[in-house]
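The next block holds one structure in the form of structure tokens; read it before the comments.
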Amino acid sequence: MTENHSIRYWFALIISSIVSIIVALVIIALSWYLLWKFVLIRFGVIRALFQINNNDQQTNQQPASKQKPYLTTLSALTSYHYIRSIYIQRESLCTPKEAWYRSLPLRETSRFWSRFFSVNIYPRSIRNSIYKYFCRIFDADINECEYGPDHLDYYANFGEFFRRNLKSGVRPIDKESLIVSPCDGEILANGLVTSVENLNIVIKGIPYTIKDLFQLDQYEIERLQKKQSESSLFYACIYLNPGNYHHFHSPAKWKINERRHVTGMTQ
Numbered sequence: 001m002t003e004n005h006s007i008r009y010w011f012a013l014i015i016s017s018i019v020s021i022i023v024a025l026v027i028i029a030l031s032w033y034l035l036w037k038f039v040l041i042r043f044g045v046i047r048a049l050f051q052i053n054n055n056d057q058q059t060n061q062q063p064a065s066k067q068k069p070y071l072t073t074l075s076a077l078t079s080y081h082y083i084r085s086i087y088i089q090r091e092s093l094c095t096p097k098e099a100w101y102r103s104l105p106l107r108e109t110s111r112f113w114s115r116f117f118s119v120n121i122y123p124r125s126i127r128n129s130i131y132k133y134f135c136r137i138f139d140a141d142i143n144e145c146e147y148g149p150d151h152l153d154y155y156a157n158f159g160e161f162f163r164r165n166l167k168s169g170v171r172p173i174d175k176e177s178l179i180v181s182p183c184d185g186e187i188l189a190n191g192l193v194t195s196v197e198n199l200n201i202v203i204k205g206i207p208y209t210i211k212d213l214f215q216l217d218q219y220e221i222e223r224l225q226k227k228q229s230e231s232s233l234f235y236a237c238i239y240l241n242p243g244n245y246h247h248f249h250s251p252a253k254w255k256i257n258e259r260r261h262v263t264g265m266t267q
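Heads up: the sequence shown begins at 1 in the numbering used here, then just goes up one per residue.
Structure, rendered in structure tokens:
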């Protein structure tokens with residue numbers, strides 16, 4: 001990445017971070033307002049918690065028996081969040097602050113953004129400008145795109161553009177090699193697996209063991225450790241820049257006997 005590209009990248013990253021923080025603050029403020037307006041005040045939770053006596057509202061105040069379910073629900077949600085953070089801290093060996101953060105509904109937030117980027121962009125004429133601006137920021141080569149720089153409007157939404165295919169022949173495979181890279185990306189870490197349970201591989205700031213990545217039970221761990229005496233297991237952590245081609249391909253000629261879907265920890 002050249003110096004100009006690096007400056008544009010960090011500038012865009014700072015601007016996008018500021019915008020994300022502002023949007024998050026607006027959402028939090030709106031959420032607290034709705035919670036205050038339509039839950040806490042309406043159902044008398046504030047009056048029950050702080051024992052506020054208001055003579056003007058006594059006639060409209062709901063009986064204590066009707067307030068208890070809402071207080072119970074609020075207490076249950078708070079307790080659930082606390083217990084979940086303790087469980088995450090114990091399983092992931094992270095700090096209490098990290099555990100509390102990771103116990104938030106971040107996966108639901110991720111699903112929301114996924115649906116948001118699946119919304120088609122209209123008018124169609126602005127798609128080219130949006131996608132080209134993204135490519136300039138993240139140093140993506142739009143000449144490699146399946147539709148080319150003049151036909152980016154064929155991608156109806158940002159999700160389609162993000163998952164774009166490449167033109168045929170732009171990634172020739174080295175057929176002489178036993179193994180090739182499965183994707184466009186930067187190798188952040190690689191090495192020999194010396195311990196199935198103790199080796200920590202950091203992925204997006206979250207440490208994973210081989211046991212976590214493969215979701216192994218105790219029997220499978222023992223079977224893998226027995227095989228290690230006959231062969232060696234290596235790992236590689238590859239980072240995809242937002243501007244990279246986001247597809248994965250087989251790194252070798254092999255036969256897949258089993259596959260597993262491992263859900264990551266969203267940050």
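Cβ atoms here follow ideal geometry from the backbone N, Cα and C, with glycine treated the same way.
Keep in mind it's a predicted model, so treat the numbers as computed, not measured.
The secondary-structure analysis by DSSP pairs residue 207 across a beta bridge with 202.
Straight across, the Cα-Cα distance linking residue 232 with residue 151 is about 47 Å. Apart from sequence neighbours up to five positions away, the residues of its chain that approach residue 124 with a beta-carbon distance below 7 Å are 153, ordered along the chain. Taking residue 172 as reference, the option from 217, 219, 249 with the minimal CA-CA separation is 249. Using a Cβ-Cβ distance cut-off of 8 Å, the stretch 202–222 and the stretch 104–118 are not in contact, since fewer than three pairs of beta carbons, one from each stretch, lie closer than that value. At a Cβ-Cβ threshold of 9 Å, residue 245 and residue 184 count as neighbours. Distance check between residue 160 and each of 198, 131, 213 places 131 closest, using alpha-carbon atoms only.
Distance between residue 215 and residue 203, taken at the CA atoms: about 16 Å. Here residue 252 is exposed, its C-beta having fewer than 16 other C-beta atoms within 10 Å. In this structure, residue 237 sits near residue 190, with a CB-CB distance shorter than 9 Å.
For the 9 Å CB-CB criterion, residue 166 and residue 145 form a contact. Taking C-beta separations shorter than 7 Å and ignoring five residues to either side along the sequence, the partners of residue 138 in its chain run 9, 241, 242, 243, following chain order. Judged by DSSP secondary structure, residue 234 falls within the beta strand (DSSP E) whose first and last residues are 234–239. Here residue 149 is not near residue 157, since their CB atoms are 9 Å or more apart. With fewer than 16 other beta carbons inside 10 angstroms of its own, residue 22 counts as exposed. Per DSSP, reduced to three states, the secondary structure at residue 166 is strand. About 12 Å separates the Cβ atoms of residue 86 and residue 102, ruling out a contact at the 8 Å cut-off. For the pair residue 210 and residue 197, the CB atoms are nearer than the 9 Å cut-off. The C-beta separation of residue 213 from residue 262 comes to about 6 Å, placing the pair in contact by the 8 Å criterion.
For the pair residue 187 and residue 239, the CB atoms are nearer than the 9 Å cut-off.
Within 10 angstroms of the beta-carbon of residue 122 lie fewer than 16 other beta-carbons, which makes it exposed. C-alpha of residue 162 to C-alpha of residue 247: approximately 10 Å in a straight line.
Shortest Cα-Cα distance from residue 180 to any of 97, 107, 254 involves 254. Rounded to whole angstroms, the gap between the alpha carbons of residue 100 and residue 82 is 8 Å.
Boundaries for residue 120: no alpha helix (DSSP H) harbours it, and the DSSP string shows neither H nor E there.
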